[in-house]
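FYI, in my numbering the residues of the sequence shown are 1390 to 1790.
Just so it is clear, CB atoms sit at the ideal spot from N, CA and C, and this is done for glycine as well.
All of these numbers come straight from a predicted model, not from anything done at the bench.
The structure appears below as structure tokens.
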Amino acid sequence: MSVHLHWFLPTGGDGRTLVDRHAYTDGGIRRDRITPVSGVRAPDIEYLAQIAKAAEQLGFEAVLTPTGTWCEDAWLTTAALTQVTERLKFLVAFRPGVISPVLAAQMAATYQRISRGRLLLNVVTGGDSTEQKRFGDHLDHDRRYARTDEFLQVVRGVWGGAPFDFHGEHYQVEGGLTALPPDPLPEIFFGGSSAAAGPVAARNVDVYLTWGEPPEQVKQKVDWIRGLAEQEGRTVRFGIRLHTLSRDSSKEAWATAGRLLDDLDPETVAAAQQALGKSESVGQQRMLALHGGSRDRLEISPNLWAGIGLVRGGAGTALVGSHAEVADRIEEYHTLGIEHFVLSGYPHLEEAYWFGEGVRPELAARGLLAPAPSPPEGVPAVNGRPASAPGGAPLLVAGGR
């Protein structure tokens, strides 16, 4: 089992600080708006293209694009970026409660043809009722997961190439069909730490994602989902969502982590913790429990730092250390069964290079990375040349939030 490395597209804005940019800026949608936070970068398509191209060159297999009120639409943004990249895949996050499953299946099929097979799907059930209600979704936490279960059954059903009927509590479909099913079928990624989420993962998904908890807690999750999948007669693979901060020396990495906290006054942290504490997401509550809102003991496991979770919702931990130390931690998670590593860092452009040029060679030297795939035969590259022609495709490629 090889390690699959993925990066992150900050479609809600980027910058050199941990302070939530959405509290101070509209993410660049209104360019005339002035933000009091220095170093904030709007999610312009030009900047996102820089990150996507860097990720492709540095050997990341895919980039995760989040979904939510404060993000640009993931489908439209990544569809545009497929036209300026050649091999990079796009892990598109979306909420099943705000779109028809048959339409989603059709969109995925179209995306696969536009991108030449580079779509991955990240299904985000949603753990914040306030956010869900903005999109017209008024189901409670457990019923949202029950709906996700039906949603994924319908998506897979209409990808079968024949009319598909489904009669459930949340969806009733008669003759559902994707006339041209996607080829290949997109892999489905999914996360959820609650009792309601586990069976959904076991029955439907290809890759179960967890946020970056200490190894022992991650092992418990892997064992839990693996056991549920075995009861369904299925095999599920595993991934983890982490930030990363690696430098040439451990001292330099931890000094950089410390500087990220310099902008955080106690009032900012308290306000963020109060807001995050209202989340219905079990995973979010587990993230908050790792640090308890305190700066005193943020290294919660060797090289695993919970500082980001003081103000950021969702993934709140980072791997911090020298390139070799970060590689050690990735290898440790890998031994637990983690195959996919969805990574990010602030700012995302610069940290992609720190990881790609520092940690990735360490992982390759340990034999953990799969060789770059051969170009698809007979498929033209974006520039019109055959993918097998010199210069037709890059050589340096491996393979919610």
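Ile1629, enclosing beta strand (DSSP E) - first and last residue: For the purposes of this step, residue 1629 is identified with residue 240 of the sequence shown, where counting begins at 1. Taken as a continuous stretch (DSSP letters only), the beta strand (DSSP E) holding Ile1629 covers Arg1626 to Arg1636.
At least 3 beta-carbon pairs within less than 8 Å: the region 1671-1679 vs the region 1581-1593: Output reads yes: the region 1581-1593 touches the region 1671-1679.
Extent of the continuous alpha helix (DSSP H) run through Gly1747: Start at 1 with the first residue of the sequence shown, and residue 1747 comes out as number 358. His1737 to Ala1754 is the span of the alpha helix (DSSP H), which, as asked, contains Gly1747.
Check whether His1723 and Val1512 have beta carbons under 8 Å apart: The sequence position of residue 1723 within the sequence shown is 334, counting from 1. The sequence position of residue 1512 within the sequence shown is 123, counting from 1. Not in contact: His1723 and Val1512 (Cβ atoms no closer than 8 Å).
Sequence-distant residues of the same chain with beta carbon closer than 7 Å to Ser1638, five excluded per side: Walking along the sequence shown from the start, residue 1638 turns up at place 249. Closer than 7 Å at the Cβ level, and outside the excluded window around Ser1638, lie Ser1711.
Terminal residues of the alpha helix (DSSP H) in which Ser1711 lies: The count along the sequence shown starts at 1 and reaches residue 1711 at position 322. Segment Ala1707 to Ser1711 is the beta strand (DSSP E) holding Ser1711; no alpha helix (DSSP H) there.
Closest by C-alpha distance to Ala1568, when choosing among Ala1551, Glu1576 and Gly1703: Residue 1568 sits at position 179 when you count from the first residue of the sequence shown. Among Ala1551, Glu1576 and Gly1703, the Cα nearest to that of Ala1568 is on Ala1551.
Terminal residues of the beta strand (DSSP E) in which Leu1758 lies: Within the sequence shown, numbered from 1, the residue matching residue 1758 stands at position 369. Here Leu1758 belongs to no beta strand (DSSP E), and DSSP marks it neither H nor E.
Backbone secondary structure at Gly1696 - three-state DSSP: Along the sequence shown, read from residue 1 onward, the residue named residue 1696 stands at position 307. Note: Gly1696 maps to helix in three-state DSSP.
Selected residue, minimal CA-CA separation from Arg1615, among Arg1749, Val1481 and Gly1726: Counted from its first residue, the sequence shown places residue 1615 at position 226. Cα-wise, what sits closest to Arg1615 is Gly1726.
Residue of Val1748, Pro1571 and Arg1684 minimising C-alpha distance to Phe1730: Along the sequence shown, read from residue 1 onward, the residue named residue 1730 stands at position 341. Checked all of Val1748, Pro1571 and Arg1684; the closest Cα to Phe1730 is Val1748.
Residue nearest to Gly1486 in terms of C-alpha spacing, selected from Gly1457, Ala1468 and Ala1469: Position 97 of the sequence shown, counting from 1, holds the residue named residue 1486. Looking at Gly1457, Ala1468 and Ala1469, the one whose alpha-carbon comes closest to that of Gly1486 is Gly1457.
Any beta strand (DSSP E) of 3 or more consecutive residues that is wholly inside the region 1445-1517: 1451-1454, 1478-1483 and 1508-1512
Where Gln1495 falls, given that 16 or more other Cβ within 10 Å makes a residue buried: Residue mapping note: residue 1495 aligns to position 106 of the sequence shown, counting from 1. Buried is the call here.
Neighbour-count burial assignment, Thr1519, 16 or more Cβ in a 10 Å radius: On the sequence shown, residue 1519 is found 130 positions in, with the first residue counted as 1. Label assigned to Thr1519: exposed.
Leu1677 versus Gly1696, Pro1691 and Asn1692, residue with shortest Cα-Cα distance: Position 288 of the sequence shown holds residue 1677. Taking only the C-alpha atoms, the option nearest Leu1677 is Gly1696.
Delimiting residues of the alpha helix (DSSP H) encompassing Thr1537: The residue given as residue 1537 occupies position 148 in the sequence shown. His1530 to Val1547 is the extent of the alpha helix (DSSP H) around Thr1537.
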